[in-house]
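K.L.:
Can you keep this structure in mind? I'll have questions shortly.
There are 2 protein chains.
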Amino acid sequence: MLEEHLVSPTPDALTTFLQRQIHSGCLVQVAGEMEVQYMGRAMSMAEAGQYLVLLKGDGSLQVHGPKGVKPMNWQPKTDSVQVTVERGYCVLRAHRRKPDELVTITMLLPTLAQAIRLQEAAFELSGSEAQMQETLARHPELIEPGLTVLNRELVTAAGGIDLYARDREGRFVVVELKRGRATQDAVSQLARYVDAAQRLTGGVVRGILAAPEMTGPARLELERRVLEFVQVTALPALEQQAVQPGLFD
Amino acid sequence: MLEEHLVSPTPDALTTFLQRQIHSGCLVQVAGEMEVQYMGRAMSMAEAGQYLVLLKGDGSLQVHGPKGVKPMNWQPKTDSVQVTVERGYCVLRAHRRKPDELVTITMLLPTLAQAIRLQEAAFELSGSEAQMQETLARHPELIEPGLTVLNRELVTAAGGIDLYARDREGRFVVVELKRGRATQDAVSQLARYVDAAQRLTGGVVRGILAAPEMTGPARLELERRVLEFVQVTALPALEQQAVQPGLFD
DNA sequence: GCGTGTATATCGTGG
DNA sequence: CCACGATGTACACGC
């Protein structure tokens, strides 16, 4: 799995290594003192420091500092990655055409370069909004008795309505789901959809925000707009699962 | 800078290594076959695959697969990281209290473990919205002649207004900035602020969306709400800088 | 700790 | 390609 491993390579050796490994499909790493420059949607300059570069097989690039999940610099996709020797340093340029972006890394003092082969396996996530939507579409009574779901992800000019339904009295209902605490933004979003639906149908349309909880200001905004709130949870049985023995032994 | 380096360590050796290095302030890596489980805001399970774990000195954790900038699993902050041997495997548990989250990694076949010392240096970013705001606050004429800025980041019940100003005719103006293409959401946001300002002042308040461009639907929504658009760019001189010689030689 | 908003957001989806 | 919205968003900032 560790395909290649260089310690304190010379600029030439690092350049050759990178040129060889970049298209190998491996995850390629370089650690050491470097300077990183970015130009594109914004611009940034990181002066000489010790960083870790990850270049993945799909062409994505990230430069990590000592802190945080988020890389200091990155490039989600690259159209070309060039490695050259310039002024005695190995220089890596990762370019992306749309949007036009360039990350330039000057390897001042590389101390480590290696290639690792990774392999992804099955990955399952529960508790996403998509899953909530599926559950509620199958069991709309969890929102309100007598509710009938007409559409999921109904596309309108205002955007996609999570659930479009009819209540037991025949009124149309727009449901906006949030998997976490709902904010004012969620209320604005719901209001926009309700407006759009009202313009389309001509009648009165109810708007329901379905979320585990909401912020105080969101509640005020919701009441001001005469919209409704229904409590739903993304992970109904989480509490039970959390007390399963063996987790913190 | 490369503080320690183990190849295909035994579970015991890996456990000892991790327990020692976790509080060293180094960036700690483990690569190899592993199983990753997450429980907290949601739940996830990654079956046995080849992944790369990064544990940084600030307690953040990320598990990378072969593709993408975003880690497959992560933990932005941890309150405790425990490493034990269980059923013959080295098991790492990264726990966070608020929100209550747990990432569990079972190292099935570690092929590489190492500790690297990183050091951050000066980092400068241009073209952020904050910088746009500063520029426009100093040169409000770029938005409109005769504009006087009253507040930056004015906090209201509806949220923070980027720029609050008065036009040459004395009307209040709410300016919402976007550093990229503005969407319907941005228009909703602006509308919410304008509503709030109108309720406060009692008079008519203008709303200006200042961005480099906007989407088609956003434009329609803007017009429907009788709001205005002004073109501003986050990086005014980018084109000139992009054709500087030496970039693609 | 909450609420809010930005981000070079990234990423997937659907038209 | 564009538009839109979710994300276990992360992260910084103000109260």
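Line by line, the protein sequences give chains Y and U. Note that the numbering used here has the first sequence beginning at 1, numbered continuously upward. Note that the numbering used here has the second sequence beginning at 1001, numbered continuously upward. Heads up, the beta-carbon is just placed ideally off N, CA and C, and yes, glycines get one too.
Listed from N- to C-terminal order along the chain, which residues in the region 1115-1128 of chain U have their beta-carbon within a distance smaller than 8 Å of any beta-carbon of chain Y?
P.N.:
I1116, R1117, L1118, Q1119, E1120, A1121, A1122, F1123, E1124, L1125, S1126, G1127, S1128
K.L.:
Since E1047(U) and A211(Y) are thought to touch, with beta carbons under 8 Å apart, how far apart are those beta carbons, to the nearest angstrom?
P.N.:
Taking the first residue of the second sequence as 1, we reach residue 1047(U) at position 47. Taking the first residue of the first sequence as 1, we reach residue 211(Y) at position 211. Incorrect: roughly 31 Å between the Cβ atoms, too far for contact.
K.L.:
So what does DSSP say about G216(Y), is it helix, strand or coil?
P.N.:
Taking the first residue of the first sequence as 1, we reach residue 216(Y) at position 216. Of the three classes helix, strand and coil, the one that applies to G216(Y) here is helix, per DSSP.
K.L.:
For V81(Y), I'd like the list of residues in its chain whose CB is within less than 6 Å of its CB, leaving aside the five on either flank, ordered along the chain.
P.N.:
Taking the first residue of the first sequence as position 1, residue 81(Y) is located at position 81. Closer than 6 Å at the Cβ level, and outside the excluded window around V81(Y), lie I22, A94.
K.L.:
What residues of chain U sit near P71(Y), judged by a beta carbon separation below 8 Å?
P.N.:
Start at 1 with the first residue of the first sequence, and residue 71(Y) comes out as number 71. Listed along the chain, the chain U residues whose CB falls inside 8 Å of the CB of P71(Y) are V1069.
K.L.:
Hey, which unbroken runs of the beta strand (DSSP E) at 3 residues or more fall wholly within the region 113-167 of chain Y?
P.N.:
123-126, 148-156, 159-166
K.L.:
Looking only at its chain, what residues have a beta carbon closer than 7 Å to the beta carbon of R166(Y), apart from the 5 residues adjacent to it on each side?
P.N.:
Within the first sequence, residue 166(Y) is the residue found at index 166, counting from 1. Cβ neighbours of R166(Y) beyond the five flanking positions: T148, L150, F172, V173.
K.L.:
If contact is defined by three or more beta carbon pairs under 8 Å, each pair taking one atom from either stretch, is the region 1069-1079 of chain U in contact with the region 1010-1020 of chain U?
P.N.:
no
K.L.:
Of all the options T1233(U), V1028(U), R1199(U), which has the alpha carbon lying nearest to the alpha carbon of R1181(U)?
P.N.:
Position 181 of the second sequence, counted from the first residue, corresponds to residue 1181(U). Residue T1233(U) is the option with its Cα nearest to R1181(U).
K.L.:
Below 7 Å on C-beta distance, what does L163(Y) contact in chain U?
P.N.:
Taking the first residue of the first sequence as 1, we reach residue 163(Y) at position 163. Result: empty, since nearest Cβ-Cβ is about 19 Å, beyond 7 Å.
K.L.:
What runs of the beta strand (DSSP E), each 3 residues or longer, lie entirely inside the region 41-67 of chain Y?
P.N.:
43-55, 61-64
K.L.:
Using three-state DSSP, classify A210(Y) as helix, strand or coil.
P.N.:
Indexing the first sequence from 1 puts residue 210(Y) at position 210. Here A210(Y) sits in strand by DSSP.
K.L.:
If the cut is a Cβ gap below 7 Å, which residues of chain Y does Y1051(U) touch?
P.N.:
The sequence position of residue 1051(U) within the second sequence is 51, counting from 1. Simply L118.
K.L.:
Determine the extent of the alpha helix (DSSP H) in which T1084(U) is found, giving its start and end residues.
P.N.:
Residue mapping note: residue 1084(U) aligns to position 84 of the second sequence, counting from 1. No alpha helix (DSSP H) holds T1084(U); the beta strand (DSSP E) holding it covers 1080-1086.
K.L.:
Quick check: what's the CA-CA separation for M34(Y) versus L1118(U)?
P.N.:
The sequence position of residue 34(Y) within the first sequence is 34, counting from 1. The sequence position of residue 1118(U) within the second sequence is 118, counting from 1. Their backbone Cα atoms lie some 11 Å apart in a straight line.
K.L.:
Just how far apart, CA to CA, sit V194(Y) and Q1184(U)?
P.N.:
Locating residue 194(Y) in the first sequence gives position 194, counting from the first residue. Locating residue 1184(U) in the second sequence gives position 184, counting from the first residue. Spanning the two alpha carbons is a distance of roughly 14 Å.
K.L.:
Taking only beta-carbon atoms, is M1214(U) less than 8 Å away from chain Y?
P.N.:
The sequence position of residue 1214(U) within the second sequence is 214, counting from 1. No - not a single Cβ of chain Y is within 8 Å of the one on M1214(U).
K.L.:
Hey, S126(Y) and L235(Y): beta-carbon distance below 8 Å or not?
P.N.:
By one-based count along the first sequence, residue 126(Y) stands at place 126. By one-based count along the first sequence, residue 235(Y) stands at place 235. In this structure, L235(Y) lies closer than 8 Å to S126(Y) by Cβ.
K.L.:
Output the distance between the C-alpha atoms of Q1163(U) and E1169(U), rounded to the nearest integer angstrom.
P.N.:
Working through the second sequence from its first residue, we reach residue 1163(U) at position 163. Working through the second sequence from its first residue, we reach residue 1169(U) at position 169. Looking at the sequence provided, one finds Leu at residue 1163(U) rather than Gln. So the two alpha carbons sit approximately 17 Å from each other.
K.L.:
Inspect the beta-carbon positions of I1116(U) and M1001(U) and report whether they are closer than 8 Å.
P.N.:
Your numbering for residue 1116(U) matches position 116 in the second sequence. Your numbering for residue 1001(U) matches position 1 in the second sequence. Yes, Cβ-Cβ distance for I1116(U) and M1001(U) is below 8 Å.
K.L.:
From the DSSP output, in three-state form, read off A31(Y) for me.
P.N.:
As a first step, residue 31(Y) must be located in the first sequence, where it is residue number 31. Three-state result, A31(Y): strand.
K.L.:
To the nearest whole angstrom, what separates the beta carbons of C1090(U) and M1107(U), a pair I think is in contact under 8 Å?
P.N.:
As a position in the second sequence, residue 1090(U) is number 90, starting the count at 1. As a position in the second sequence, residue 1107(U) is number 107, starting the count at 1. Confirmed, about 4 Å.
K.L.:
By how many angstroms is the C-alpha of A158(Y) removed from the C-alpha of V226(Y)?
P.N.:
Reading the first sequence from its first residue, position 226 is the one you call residue 226(Y). Reading the first sequence from its first residue, position 158 is the one you call residue 158(Y). Going by C-alpha positions, V226(Y) is about 19 Å away from A158(Y).
K.L.:
I need the DSSP call for L6(Y), collapsed to helix, strand or coil.
P.N.:
Taking the first residue of the first sequence as 1, we reach residue 6(Y) at position 6. In the structure shown, L6(Y) falls within a strand segment according to DSSP collapsed to helix, strand and coil.
K.L.:
With DSSP run on the structure shown, which of helix, strand or coil describes T233(Y)?
P.N.:
Indexing the first sequence from 1 puts residue 233(Y) at position 233. In the structure shown, T233(Y) sits in coil (DSSP, three-state: anything other than H, G, I, E or B).
K.L.:
Which first and last residues belong to the alpha helix (DSSP H) in which A1197(U) is found?
P.N.:
Against the second sequence, residue 1197(U) aligns to sequence position 197. Residues 1184-1201.
K.L.:
Quick check: what's the CA-CA separation for E1065(U) versus L52(Y)?
P.N.:
Locating residue 1065(U) in the second sequence gives position 65, counting from the first residue. Locating residue 52(Y) in the first sequence gives position 52, counting from the first residue. The amino acid occupying residue 1065(U) in the given sequence is Gly; Glu does not appear at that position. For G1065(U) and L52(Y), the distance between alpha carbons rounds to 16 Å.
K.L.:
Three-state secondary structure (DSSP) at E1169(U)?
P.N.:
Counted from its first residue, the second sequence places residue 1169(U) at position 169. If DSSP states are grouped into helix, strand and coil, E1169(U) belongs with coil.
K.L.:
Cα separation between H5(Y) and D100(Y)?
P.N.:
Walking along the first sequence from the start, residue 5(Y) turns up at place 5. Walking along the first sequence from the start, residue 100(Y) turns up at place 100. Cα-Cα distance, rounded: 33 Å.
K.L.:
For chain U, find out if any of its Cβ atoms is closer than 8 Å to the Cβ of D167(Y); answer yes or no.
P.N.:
Counting from 1 along the first sequence, the entry for residue 167(Y) is found at position 167. Not one chain U Cβ lies under 8 Å of D167(Y).
K.L.:
If contacts are defined as beta-carbon pairs under 8 Å, then V1187(U) and A1218(U) qualify, I think. What distance do you get, rounded to the angstrom?
P.N.:
Here residue 1187(U) refers to the residue found at position 187 when the second sequence is read from its first residue. Here residue 1218(U) refers to the residue found at position 218 when the second sequence is read from its first residue. Right, their Cβ atoms sit about 5 Å apart.
K.L.:
Within the same chain, show all residues whose beta-carbon is closer than 6 Å to that of Q62(Y), passing over the 5 residues directly before and after it, in chain order.
P.N.:
The residue you call residue 62(Y) lines up with position 62 of the first sequence. L54, P71, W74, listed in sequence order.
K.L.:
Using 8 Å for Cβ pairs, my map puts L1112(U) next to G1032(U). What's the rounded Cβ distance?
P.N.:
As a working mapping, residue 1112(U) is identified with position 112 in the second sequence. As a working mapping, residue 1032(U) is identified with position 32 in the second sequence. For L1112(U) against G1032(U), the beta-carbon gap comes to about 6 Å, under 8 Å, which counts as contact.
K.L.:
Spatial neighbours of G1160(U) within its chain, please: CB distance less than 6 Å, with the 5 preceding and 5 following residues excluded, ordered by chain position.
P.N.:
For this step, residue 1160(U) is matched to residue 160 along the second sequence. If the five residues before and after G1160(U) are omitted, its C-beta is found closer than 6 Å to the C-beta atoms of E1153, all from its own chain and listed in chain order.
K.L.:
Taking Cβ positions only, does E47(Y) come closer than 8 Å to chain U?
P.N.:
By one-based count along the first sequence, residue 47(Y) stands at place 47. Yes - at least one Cβ of chain U is within 8 Å of the one on E47(Y).
K.L.:
For the beta strand (DSSP E) containing R1093(U), name the first residue and the last one.
P.N.:
Here residue 1093(U) corresponds to residue number 93 of the second sequence, with the count starting at 1. Here the beta strand (DSSP E) through R1093(U) covers 1089-1096.
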